[in-house]
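Numbering (full-length UniProt numbering), first residue to last: 1 to 196.
Note that CB positions come from ideal geometry on N, CA and C, so glycine has one too.
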Amino acid sequence: MWRIDPGSLRYAEELGRLLAELHAVPADEVAGTGLPVCSPEQVRQRWRRDLDTVCAELTVPEPARRRWLDWLADDGCRPRWSVLTHGELYPAHVLVDPDDRITGVLDWTTAEVGDPARDLAMQHALAPPAAFDRTLEVYRAAGGRVWPRLVEPRLVEPCARLWSTAPIGYALFALQTGDAAHRSAAQAGFDDLAPG
1 MWRIDPGSLR YAEELGRLLA ELHAVPADEV AGTGLPVCSP EQVRQRWRRD
51 LDTVCAELTV PEPARRRWLD WLADDGCRPR WSVLTHGELY PAHVLVDPDD
101 RITGVLDWTT AEVGDPARDL AMQHALAPPA AFDRTLEVYR AAGGRVWPRL
151 VEPRLVEPCA RLWSTAPIGY ALFALQTGDA AHRSAAQAGF DDLAPG
């Protein structure tokens, strides 16, 4: 359980600054660290492979699969550049002081050079619109690069569509672990997406 209020404007500002700084790290400096370095097209190809893998092993409702394929085909949902990302930046992975100032970030296991929306999607999902807007304002003011669909209208489309892929990530985890309980839970998540 975390004690960070995702709606805190102080936290939103801190997160915007942190993300601008993180996303400014040159990709060539990351290349020798062992972290994956993916171009926007490689990110898209990986999502396609992951979706194909999950669809081959589990029953994915056709409307959900179609939405994800449409998202993958939509160039406006992603920038034409990659940045260093944490990958799971949300309150459980952020340390703050009593004034909501960020003092540290935990769990870098999903870090890579890839889609900057990865680091904004959870804030978009968890924070009220005013706090998310403030995160994005500070991100831009601190040098964070944005693309048209990221800010017009807001980050709703790229972040919401990326957030909607969470069942794919969990299903991949379930398949990789081979754990029957996780596989069953992943299938139940897809079943919840089925119409009617």
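Residue i versus the options, residue with shortest Cα-Cα distance
| i | options | result |
| --- | --- | --- |
| A171 | E57, E14, A31 and C77 | E57 |
| D74 | Q45, P91 and E62 | Q45 |
| R161 | T103, T85, W47 and S184 | W47 |
| P36 | V94, R49 and S82 | S82 |
| G143 | T59, V25 and S8 | V25 |
| T33 | L18, V146, V113 and H23 | V113 |
| T110 | F173, T59 and R49 | F173 |
| residue 197 | D191, D119, G178 and R101 | In the structure as shown, the chain begins at 1 and stops at 196. Residue 197 is therefore absent and cannot be evaluated. |
| H93 | D191, L22, L84 and W108 | W108 |
| V138 | L15, G189 and L51 | L15 |
| A148 | T53, T165, A117 and A166 | First, the amino acid is wrong: residue 148 is Pro here, not Ala. Nearest of T53, T165, A117 and A166 to P148, Cα basis: A117. |
| T165 | D52, V105, L18 and R101 | D52 |
| R67 | S184, G178, P167 and A180 | P167 |
| R80 | Y90, D115, L22 and R49 | D115 |
| G87 | E29, H23, D99 and R49 | H23 |
| L84 | V43, P158 and Q187 | V43 |
First and last residue of the uninterrupted beta strand (DSSP E) at residue i
| i | result |
| --- | --- |
| L95 | V94 to V96 |
| I4 | That residue, I4, is in no beta strand (DSSP E); it is neither H nor E in DSSP. |
| T103 | I102 to V105 |
| T85 | V83 to T85 |
| E112 | E112 to G114 |
Residue range of the unbroken alpha helix (DSSP H) whose run includes residue i
| i | result |
| --- | --- |
| G189 | A180 to L193 |
| V138 | P129 to A141 |
| V30 | A27 to V30 |
| T177 | A166 to T177 |
| L9 | L9 to H23 |
| W68 | E62 to A73 |
Sequence-distant residues of its chain with Cβ nearer than 6 Å to residue i (five each side left out)
| i | result |
| --- | --- |
| L126 | P6 |
| A12 | A131, R134 and T135 |
| P61 | L193 and A194 |
| H182 | A174 |
| A31 | V37 |
| D179 | none |
| D97 | T103 |
| A20 | Y139, A142, G143 and G144 |
| D28 | none |
| Y90 | M122 |
Residues near residue i by beta carbon distance below 8 Å, same chain, minus five either side
| i | result |
| --- | --- |
| C55 | R65 |
| W163 | A121, M122, H124 and A125 |
| Q176 | none |
| E41 | none |
| R154 | With a pLDDT of 49 at R154, under the threshold of 50, the modelled position of this residue cannot be trusted; read the value that follows with caution. Once the five neighbours on either side are set aside, the close Cβ partners of R154 are P129, F132, D133 and L136. |
| L9 | A130, A131 and R134 |
| R101 | R10 and E14 |
Opposing strand residues paired with residue i [DSSP bridges]
| i | result |
| --- | --- |
| V37 | V113 |
Same chain, Cβ closer than 7 Å to residue i, neighbours up to 5 away in sequence not counted
| i | result |
| --- | --- |
| W71 | C77 and R161 |
| R140 | V146 |
| G189 | P167 and Y170 |
| R17 | V138 and A142 |
| P63 | P195 |
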